[in-house]
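**Student:**
In full-length UniProt numbering, the protein residues as written are 1 to 254.
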């Protein structure tokens, strides 16, 4: 059930017995082929899959996140809209506290933007300190993809995992599956930078930035890869939420 579509009376009847899911993404540059909302699209799609299989209430997605890594030219592209870590933490915390005050006791923070994780963890810990009856789970889609699957896809496509990060093959494939009408397939392309580094420098040197935000190989993406991965992600995510938050998955017909 989507909280935004409910009346307050309907919400009041359901909030105490259901798991509350907060999909989290970003408005971030994902190359020339994916929309700014790519992270949010993935999180919201996964929330819909949980909605079909578990007794959950889905909050409206949190669409603003932290600036992405310098290699992906975080914050440089037009349209990219980031918030500070403190703003993000406080917003998540306020949403959790409001839901708890209304009667919710089980929560899933479902994130698809890696850079959010530190601030998200802080929000969860601050919330847990003041909500003794709450149980909270923070999870990303890559937490529930097996190493075997990632390695198999890398071997089949020839795209090494260290070349498959932001807006690259796997992420693009997931959006191709979740929202194919928003993918500009004719613009799919790889990107590269003259120099790679694990650390970052400010101001960010030009030779440490991609030109498009793709890090680094997107051209091998396909809807088939997206469907294959999404099936595994949904299966493992449902099982993890059910295990950690005490819920029995519902049978869903294909």
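All residues carry an ideal CB built from backbone N, CA and C; glycine is no exception.
Excluding the 5 residues preceding and the 5 following residue 16 in the sequence, name in chain order all residues of the same chain whose CB lies nearer than 6 Å to its CB.
**Tutor:** For the purposes of this step, residue 16 is identified with residue 16 of the chain shown, where counting begins at 1. Hits under 6 Å: 103.
**Student:** Output needed for residue 47: all residues of its chain with C-beta closer than 7 Å, excluding positions within five of it in sequence on either side, in chain order.
**Tutor:** For the purposes of this step, residue 47 is taken as residue 47 along the chain shown, with counting starting at 1. Hits under 7 Å: 21, 23, 58 and 110.
**Student:** So is residue 254 buried or exposed if we call it buried at 16+ other beta carbons inside 10 Å?
**Tutor:** Mapped onto the chain shown, residue 254 falls at position 254. Because residue 254 sits at a pLDDT of 35, beneath the cut-off of 50, its placement in the model cannot be relied upon, and the following sentence gives the value as read from the coordinates. Result: exposed.
**Student:** So for residue 180, helix, strand or coil by DSSP?
**Tutor:** Residue numbering aside, residue 180 sits at position 180 when the chain shown is read from its first letter. If DSSP states are grouped into helix, strand and coil, residue 180 belongs with the helices.
**Student:** Under a Cβ-count criterion, where at least 16 other Cβ atoms within 10 Å of its own Cβ denotes burial, should residue 199 be classed as buried or exposed?
**Tutor:** Here residue 199 refers to the residue found at position 199 of the chain shown. Exposed, since its Cβ has fewer than 16 Cβ neighbours within 10 Å.
**Student:** State the Cα-Cα distance for the pair residue 60 and residue 182, rounded to the nearest angstrom.
**Tutor:** In the chain shown, the residue the question calls residue 60 occupies position 60. In the chain shown, the residue the question calls residue 182 occupies position 182. Looking at the two C-alpha atoms, the distance is approximately 20 Å.
**Student:** Alpha carbon to alpha carbon, how far is residue 67 from residue 13?
**Tutor:** The sequence position of residue 67 within the chain shown is 67, counting from 1. The sequence position of residue 13 within the chain shown is 13, counting from 1. Distance between the alpha carbons of residue 67 and residue 13: 38 Å.
**Student:** Let me check one thing: in DSSP terms, what residues is residue 82 bridge-paired to?
**Tutor:** Counting from one through the chain shown, the residue named residue 82 turns up at place 82. Paired residue(s): 65.
**Student:** Whose C-alpha, out of 158, 166, 25 and 91, is nearest the C-alpha of residue 211?
**Tutor:** Within the chain shown, numbered from 1, the residue matching residue 211 stands at position 211. The shortest C-alpha separation from residue 211 is found at 166.
**Student:** From what residue to what residue does the alpha helix (DSSP H) around residue 12 run?
**Tutor:** Taking the chain shown and counting its residues from 1, the one referred to as residue 12 is at position 12. Per DSSP, residue 12 is one residue of the alpha helix (DSSP H) stretching across 8-14.
**Student:** I need the boundaries of the alpha helix (DSSP H) containing residue 245, first residue and last residue.
**Tutor:** Position 245 of the chain shown holds residue 245. Residues 223-245.
**Student:** So, with DSSP's three-state summary, where would you put residue 140?
**Tutor:** Translated into positions along the chain shown, residue 140 becomes position 140. Looking at residue 140 - three-state DSSP - the assignment turns out to be strand.
**Student:** Residues in its own chain within less than 8 Å of residue 189 by CB, not counting five upstream and five downstream?
**Tutor:** Against the chain shown, residue 189 aligns to sequence position 189. Within the same chain, residue 189 has close Cβ partners 31, 32, 33, 212, 214, 218 and 219.
**Student:** Can you tell me where the alpha helix (DSSP H) holding residue 39 begins and where it ends?
**Tutor:** Looking up residue 39 in the chain shown gives position 39. In the DSSP assignment, residue 39 falls within the unbroken alpha helix (DSSP H) covering 38-53.
**Student:** By how many angstroms is the C-alpha of residue 137 removed from the C-alpha of residue 225?
**Tutor:** By 1-based counting over the chain shown, the position of residue 225 is 225. By 1-based counting over the chain shown, the position of residue 137 is 137. C-alpha separation (whole angstroms): 27 Å.
**Student:** Nearest by alpha-carbon distance to residue 107: which of 26, 54 and 78 is it?
**Tutor:** Looking up residue 107 in the chain shown gives position 107. For residue 107, the nearest C-alpha among the options comes from 54.
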